[in-house]
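One structure below.
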């Protein structure tokens with residue numbers, strides 16, 4: 213009976229670890245791509261960018277696919293809004309990674325007339341021809357007051373290309389995140405069911421698994437919402453919990469018995 217319980221406890225941890233690995237695989241790659249995008253600016257925007265400058269329009273949202281597979285194309289959409297009571301002309305410049313171009317990026321400038329309170333969407337399509345750094349596509353947009361003004365507002369996003377058994381990007385995302393979190397919950401439940409007897413150690417392991425699963429879920433939600441600061445915080449907290457737990461575990465083994 214004891215051997216069976218030990219076996220089930222081991223299986224529960226393996227299931228949980230597989231779920232964590234699947235979700236972290238996608239979350240860390242998308243986080244990495246977007247952190248890499250922090251340095252994707254181009255010249256002269258990197259030097260001329262000035263947030264103190266006035267703009268009449270607003271960059272509402274930049275939407276990008278998280279993952280694409282080789283052979284797929286994805287749409288990048290930028291929503292621009294006119295919050296004023298008068299019509300304006302919004303000036304948008306886009307920088308999209310493109311190997312072989314100057315600074316490995318293609319440059320576009322768009323003029324967008326907007327009526328009072330109106331919103332509009334600009335779209336670009338990206339595919340494998342836009343990949344830089346082996347597996348990433350980078351996109352950055354700038355808002356200017358006029359064609360000749362320096363950029364005053366910016367947004368960026370990174371897209372990861374993953375080749376996994378020929379699956380499309382959406383399927384990879386679904387399997388890794390939804391399947392990963394299902395495995396995590398299954399592993400936690402199996403651990404709890406197998407070791408229901410009260411005890412400090414069993415409570416500790418259960419609480420650690422739950423904390424890691426919650427942080428993994430928050431990280432997944434942050435990826436979908438393009439909130440990379442929260443995603444990075446969740447990753448650092450997860451690593452802190454893992455290293456603290458491992459240190460506590462080895463400390464228990466090294467503690468001399470009375």
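Numbering (my numbering), first residue to last: 213 to 470. Where is the CB? At the ideal position from N, CA and C, for every residue including glycine. Small disclaimer: the values here were computed from a predicted structure and weren't measured.
By the three-class DSSP mapping on this structure, what secondary structure does residue i have?
i	result
residue 393	helix
residue 171	With the chain represented from 213 up to 470, any question about residue 171 goes unanswered, as that position is not in the structure.
residue 290	strand
residue 350	strand
residue 271	strand
residue 356	strand
residue 280	strand
Between the alpha carbons of residue i and residue j, how many angstroms are there, rounded?
i	j	result
residue 352	residue 271	12 Å
residue 234	residue 325	45 Å
residue 438	residue 285	20 Å
residue 374	residue 440	20 Å
residue 177	residue 329	Since the first and last residues shown for the chain are 213 and 470, residue 177 lies out of range.
residue 381	residue 311	22 Å
residue 259	residue 364	12 Å
Give the range of the beta strand (DSSP E) segment to which residue i is assigned.
i	result
residue 373	365-373
residue 320	317-326
residue 337	331-338
residue 303	300-309
Which residues bound the alpha helix (DSSP H) around residue i?
i	result
residue 381	381-385
residue 259	257-260
Excluding the 5 residues flanking residue i on each side, which residues of the same chain have their C-beta closer than 7 Å to its C-beta?
i	result
residue 332	292, 324, 326
residue 389	235, 238, 432
Decide if residue i is buried, meaning its Cβ has at least 16 other Cβ atoms within 10 Å, or exposed.
i	result
residue 242	buried
residue 289	exposed
residue 249	buried
residue 454	exposed
Could you pull out every residue in the same chain whose Cβ sits closer than 6 Å to the Cβ of residue i, ignoring the five residues on either side in sequence?
i	result
residue 425	396
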